[in-house]
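Written below as structure tokens is the structure these notes are about.
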Amino acid sequence: MIFDIFRKKIDPDGTLEVLKTDIHSHLIPNVDDGSHSYDFSIQCIQRMAELGYSKICLTPHFQSYKFKNDEDDILERAEKLRQAIAEQNIKMELIVGGEYLVDSGFRKRLETNRFLKMNNQYLLIEFSFNQAILGINELVFELQKMGHEVILAHPERYIYFYEHPEIPKRLKDQGVYFQSNITSFTGFYSKRTIVECNKYIANGWTDFLGTDMHNSIYLEALVKACQDRKFRKILDTYQFLNNTI
Ligand SMILES: [Fe+2]
Numbered sequence: 004m005i006f007d008i009f010r011k012k013i014d015p016d017g018t019l020e021v022l023k024t025d026i027h028s029h030l031i032p033n034v035d036d037g038s039h040s041y042d043f044s045i046q047c048i049q050r051m052a053e054l055g056y057s058k059i060c061l062t063p064h065f066q067s068y069k070f071k072n073d074e075d076d077i078l079e080r081a082e083k084l085r086q087a088i089a090e091q092n093i094k095m096e097l098i099v100g101g102e103y104l105v106d107s108g109f110r111k112r113l114e115t116n117r118f119l120k121m122n123n124q125y126l127l128i129e130f131s132f133n134q135a136i137l138g139i140n141e142l143v144f145e146l147q148k149m150g151h152e153v154i155l156a157h158p159e160r161y162i163y164f165y166e167h168p169e170i171p172k173r174l175k176d177q178g179v180y181f182q183s184n185i186t187s188f189t190g191f192y193s194k195r196t197i198v199e200c201n202k203y204i205a206n207g208w209t210d211f212l213g214t215d216m217h218n219s220i221y222l223e224a225l226v227k228a229c230q231d232r233k234f235r236k237i238l239d240t241y242q243f244l245n246n247t248i
């Protein structure tokens, strides 16, 4: 039943072709809370190709406690996934990045300066969902000074941003790129994310869209969001940077 999502026909007017690249996904099997099998990853990538994507950036979680991934191991696993989809004749370019949580161990990473970045250029970071981080502007400045172009994942999901819009404003002023999740536009996480996504779009603050793909529930929500009239209007009129990757 759960795999019905792979059988429904995709509406040719409801694709994401204009984006070309998905910049945020958890499709390397068994490294985080994303895909738990090659089967799912392969079928999901096939489905994303049908949705119009031609490139996916794999961005597994890098955290100090829960998902202690290692960059070399991730590169190896990404290569295996590339081989697996090539064997199935799926046309999809897979590039590798990471989603780095700014937690108490994050500063240590600055010492080694070892990060997996999209196109060796963009560093995708995320924050705690419910607790503001002290000194975030200084940290971002340091990252930028080191030559990293910083993308903040799903700003619409940080609860403390709602009462403190000066936090995202300051990050924007610093030149941080914002990546919203497509499914946030249709309330997959909460109704509030719809309001926040629309606000960021109205401000011209959104730079990229991502699927943040984890499992079949996310995939189902993505296919549904593609059909959403309001989301489609944004997709038709707003200039996202995804197709520059
Ligand atoms: Fe993510």
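Numbered continuously in the numbering used here, the sequence shown closes out at residue 248. Quick reminder that beta carbons are idealized off the backbone N, C-alpha and C, glycines included. Owing to the predicted nature of the structure, the values given are computational and were not obtained by experimental measurement.
- Distances from the alpha-carbon of Glu74 to those of Thr209, Glu102, Arg85, Ile237 put Glu102 closest.
- Annotation note: the segment 144 to 193 contains the following uninterrupted beta strand (DSSP E) runs of length 3 or greater, listed N- to C-terminal: 152 to 156, 180 to 184.
- For the pair Leu119 and Gly100, the CB atoms are nearer than the 8 Å cut-off.
- If you look at Lys236, you'll find it in the alpha helix (DSSP H) that goes 232 to 240.
- Distance from the Cα of Arg50 is smallest, within the candidate group Asn245, Glu82, Arg235, Glu223, for Glu223.
- Just measuring C-alpha positions, the residue of Gly213, Ser38, Gly17, Glu159 sitting nearest Thr196 is Glu159.
- For Leu104, the enclosing beta strand (DSSP E) stretches over residues 102 to 104.
- Around the beta carbon of Asp35, 16 or more other beta carbons lie within 10 angstroms, which makes this residue buried.
- In the DSSP assignment, Asp25 forms a beta bridge with Ile59.
- The shortest C-alpha to C-alpha distance from Arg110 to any of Tyr125, His217, Leu146, Glu96 is the one to Leu146.
- Minimum Cα-Cα distance from Gly190 among the listed residues Asn140, Gly138, Lys233, His39 corresponds to Lys233.
- Rounded to whole angstroms, the gap between the alpha carbons of Phe43 and Glu20 is 22 Å.
- Using a Cβ distance threshold of 8 Å, Ser38 and Cys60 do not count as a contacting pair.
- Note that the segment 83 to 93 does not touch the segment 129 to 136; fewer than 3 beta-carbon pairs, one per stretch, sit closer than 8 Å.
- Between ligand 1 and Asp106, a heavy atom-to-CB distance of less than 7 Å is absent.
- The beta carbon of Asn116 sits closer than 8 Å to those of Met149, all from its chain and outside the five residues before and after it, given in chain order.
- With a beta-carbon spacing of about 5 Å, Cys200 and Ser187 fall inside the 8 Å limit used to define contacts.
- Cβ contact annotation for Gly108 (same chain, cutoff 6 Å, sequence separation greater than five): Ser67, in chain order.
- With 16 or more other CB atoms across the displayed protein chains lying within 10 angstroms of its CB, His157 is buried.
- DSSP places Leu97 in the strand class (E or B) of the three-state scheme.
- Relative to the non-hydrogen atoms of ligand 1, the Cβ of Glu159 never comes closer than 7 Å to any of them.
- In this structure, DSSP gives Leu212 an extended state, which the three-state scheme calls strand.
- If you check the CB distance, Gly213 and Asn184 come in under 8 Å.
- Secondary structure at Ile31: coil, using DSSP grouped into helix, strand and coil.
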